[in-house]
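Sequential numbering from 113 applies to the sequence shown in the numbering used here.
By construction, the Cβ of each residue, glycine as well, lies at the ideal position given by its N, Cα and C atoms.
Because the structure is a prediction, the values reported are computed rather than measured.
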Amino acid sequence: MSGPNPNDSLPPDRGMVTRLRLARLILGLEVLWPSLVWLASLAALFAALALFDLLPLLPGWLHAVILAVFIGVGLLLLRVMLRSKWPDQVAAARRLEQDSGLGHRPFQALGDRPALGDAALWDSHRQRMLDQVRRARLGWPRSDMAVRDPWGVRAGALLLLAVALSGGTHDAFPRLARALDPALVLPGLGPDEVQVWVTPPVYTGAPPQLLRPDQGDKAVLVPAGSAVLAVASGGWGEVSLDVDGVVVPIPPLEDGSRRLETRIQAGTRLAIRHWGRELVAWPLAVVADLSPSIDFTGVPEPAERGRLHMAVNAQDDYGLTRLWVEIRRLGAPVDETPLQVDLPLSAGRSKQVASSSWHDLTAHPWAGMPVLAQPMAEDALGQRGAGEPMALTLPERSFLNPHARALIDQRRLVTENRANAPGAMGIIDWLAVEPARFNNDMAAFLAMRLARHALSAPVFDLAEIQDLLWNAALRIEDGDLAAAEQRLEEARRALERGLDDNADAATLAGLLDQFQTALHRYLNALSERLGTLPTDLEAGAGAAIGADELQDMVQAMRDMAAIGARDGMRQMLRNMAGILDGLQTRVPQAPSAAATQAVRTLRDLAQRQQRLLEQSHRHSQPGAETPPPGAGASRQQDELAQILEGARRQLREGLGQEPLALDDAGQAMDQAAQSLRDDDWAGAAEAQARALDTLSQGLRQSLDAMAAGALSMPGGLPRDPLGRPMGQGPGNGDDGATRVPDQAEMRKARAIVDELRRRAGEFTRPQAERDYLQRLLRQF
């Protein structure tokens, strides 16, 4: 039986009422505290086990039992806590009396009522009790957990949680989810079999891969954009594909199985779920497709016949599909359309390419102007990469005929400013009035009259004017040779494109017919220009390669097309281009200022080399004074080698090639410099004598080339467009990278193809075998 309520006998003292309420609250917390501590310890223990990711490692049934135990104990503790009795006001008063050390229970005494006695005496007693109550103070809360938990279970749970938090916070939510989801296998409900295939994009060239459940924790490398095929058979209920929390249901098919195809662009984890429960999962590493990279290997430079030599190195992680160079005029408007020059790229998608090619841009209106060239590359995904741009001057053709040169000058003036059209019309009228000035060439006459008529219009097509004036100048300069050469180049490029595009045999045969016809017309035009067609490309020891041999090489390409040797065709076509370049160099060309300056440099260089040779010879004689260290002479020799390299560059710019003797001279100079650094004066003298001899040979060959208008050097082999020395006979120029098959190999390959065709036509063979044979013959 409880005593009287202390609040009924207390004076209206707000502080005392507040202390009684706090005492009641503290008493309530002390009642609930053990249950709260045990609940928190239980939660900490479960969180630690979850963050350690231990529960998913257990069998599903054991995982479920442990989870049920945690839930049951938690519910029991919660029930005990909810059934606890909340302290009343009397208990709160007793707590205040105990904490304050008040005797005689003043709170209870204030609630008493006198039955008899003196009222004054009772009031005095009551006042003393009130004074004691006002002195009452509340102490700190009390806990008996040390008695209830003598083994420190609560501390151990907190310690485990702290350790788990130190290593499991990066993916805490997935771990907690796995801890709450026991892998219970319900017979007949889950799918019987699950297969997941990852197929990379076709352009990567990577094979499809089957994800196996036992692959471990090693991440599966997946190219971005790969196709994911998930197939589940058997079972009942929803099956879904989960990629980093993005869940896609796998739809059922009519036969009861499930199938889903999708693409993955990013993600770190792929899982198959049944009713939301994870059945199997794999870590992923999605590899993004990088943009290609490309750069010039050197500054683009002019080569023979005014062509521009450009060499690039390009690479891409999965393969390149296109290489080109964008050329813009320096100082041109931003919206001006750039000139795009495609660079050769072998069939297929190469990951790393070193491309070197020659391009005739002399017909372009920008020839002779300063430009900015930037290499570009593109991959199968359409991503582009750009290299560092380089400034250069586009090569231009030198015209020997003054009338042709006059037309080219007017073409340039009109290109720079349309207001120069009246002056150009006057020059064209002056030339056209006497066709004898250009050998009565009607094609040149008609081109000039058409250009004159177009220029007279208020608004004219500049591109049309440029083409007409260029064609007229070429006719005046070269006659039929220019047109024949242009048609031959177009036929050669068409054949190259056919090879790169894997054209069928019929298409290649037609392209070869066009190329052979253009070659025949070109050789005839060249013969008329030179008076007679050269029978070889070598004035000395080289093998004779003339018109018959060129036609034989075309026939060899036909044979290669029949057996599918496309790489051999490409190599043969490059070889023929080198041979035709050698023929074209027989056409007289005006020596350039660069070539003239190079000859002057070679003369001075020979005199300085002679003086160094005399010095080395003097110091190497027996009985001579102790020679000085060769370091000073070595520096002089290195300087001469650098001057020689500059002269060789000028010769390549002015004549298109350089005498091979100059390469020998450079090597001899390097050997002499090394001997001088080693104080070997005798060895230096021997190397300097070789350098002087080969230098003199190179000087004579350069003078002969300038006089003849072409570079034809005794004892030296011509070079193909890739700068490689060409060997003897058809198929020369093969450097071993792509070998041209010989006649015996082509006969054997042809016999194999014929046998395949014979077997494919035998209807007694199984259909599957004949389909396979047809696939083999598809490229032939």
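Using the three-state DSSP reduction, which class does residue i fall into: helix, strand or coil?
i           : result
residue 490 : strand
residue 386 : strand
residue 504 : strand
residue 164 : coil
residue 332 : strand
residue 426 : strand
residue 514 : helix
residue 338 : strand
residue 810 : helix
residue 464 : strand
residue 361 : strand
residue 625 : helix
residue 398 : strand
residue 730 : helix
residue 569 : coil
residue 90  : Absent from the structure is residue 90, since the part of the chain shown begins at 113 and ends at 892.
residue 798 : helix
residue 803 : helix
residue 740 : coil
Count the other CB atoms within 10 Å of the CB of residue i; is the residue buried (16 or more) or exposed (fewer)?
i           : result
residue 328 : exposed
residue 881 : exposed
residue 619 : exposed
residue 326 : exposed
residue 625 : exposed
residue 511 : buried
residue 406 : buried
residue 787 : buried
residue 583 : buried
residue 523 : buried
residue 422 : buried
residue 680 : buried
residue 678 : buried
residue 554 : exposed
residue 884 : exposed
residue 825 : Low confidence applies here, because residue 825 scores a pLDDT of 36, under 50, leaving its location unreliable and the question unanswered by this model.
residue 526 : buried
residue 507 : buried
residue 627 : buried
residue 351 : buried
residue 542 : exposed
residue 712 : exposed
residue 424 : buried
Return yes when the Cβ of residue j is within less than 8 Å of the Cβ of residue i, no when it is not.
i           : j           : result
residue 393 : residue 378 : no
residue 356 : residue 375 : no
residue 814 : residue 763 : yes
residue 800 : residue 746 : no
residue 721 : residue 807 : yes
residue 467 : residue 455 : yes
residue 157 : residue 272 : yes
residue 193 : residue 141 : no
residue 803 : residue 777 : yes
residue 176 : residue 294 : yes
residue 397 : residue 333 : yes
residue 418 : residue 474 : yes
Below 8 Å on the Cβ atoms is my guess for residue i versus residue j; work out the distance and round it to an integer in Å.
i           : j           : result
residue 373 : residue 322 : About 15 Å separates the two Cβ atoms, so there is no contact after all.
residue 79  : residue 743 : This structure gives no information on residue 79, because the portion of the chain shown stretches from 113 to 892.
residue 387 : residue 346 : Contact flag wrong, Cβ pair sits at about 15 Å.
residue 360 : residue 338 : Not confirmed; about 15 Å, so no contact.
residue 513 : residue 589 : 5 Å
residue 276 : residue 164 : 5 Å
Skipping 5 residues on each side, what residues in its chain have a beta carbon closer than 7 Å to that of residue i?
i           : result
residue 162 : 287, 288, 291
residue 260 : 146
residue 313 : 335, 337, 338
residue 748 : 724
residue 450 : 438, 439, 440
Flag residue i as yes if its beta-carbon sits less than 8 Å from any beta-carbon of chain D, otherwise no.
i           : result
residue 727 : The structure shown contains no chain D, having only a single protein chain.
Using a Cβ-Cβ cutoff of less than 8 Å, which residues in the same chain neighbour residue i once the five nearest sequence positions on both sides are dropped?
i           : result
residue 432 : 404, 426, 457, 461, 462, 463, 465, 489, 490, 491
residue 634 : 593, 596, 597, 599, 600, 692
Just to confirm my understanding: we take residue i, look at its own chain, exclude 5 residues before and 5 after, and list those with CB closer than 6 Å. What are they?
i           : result
residue 188 : none
residue 586 : 594
residue 308 : 323, 342
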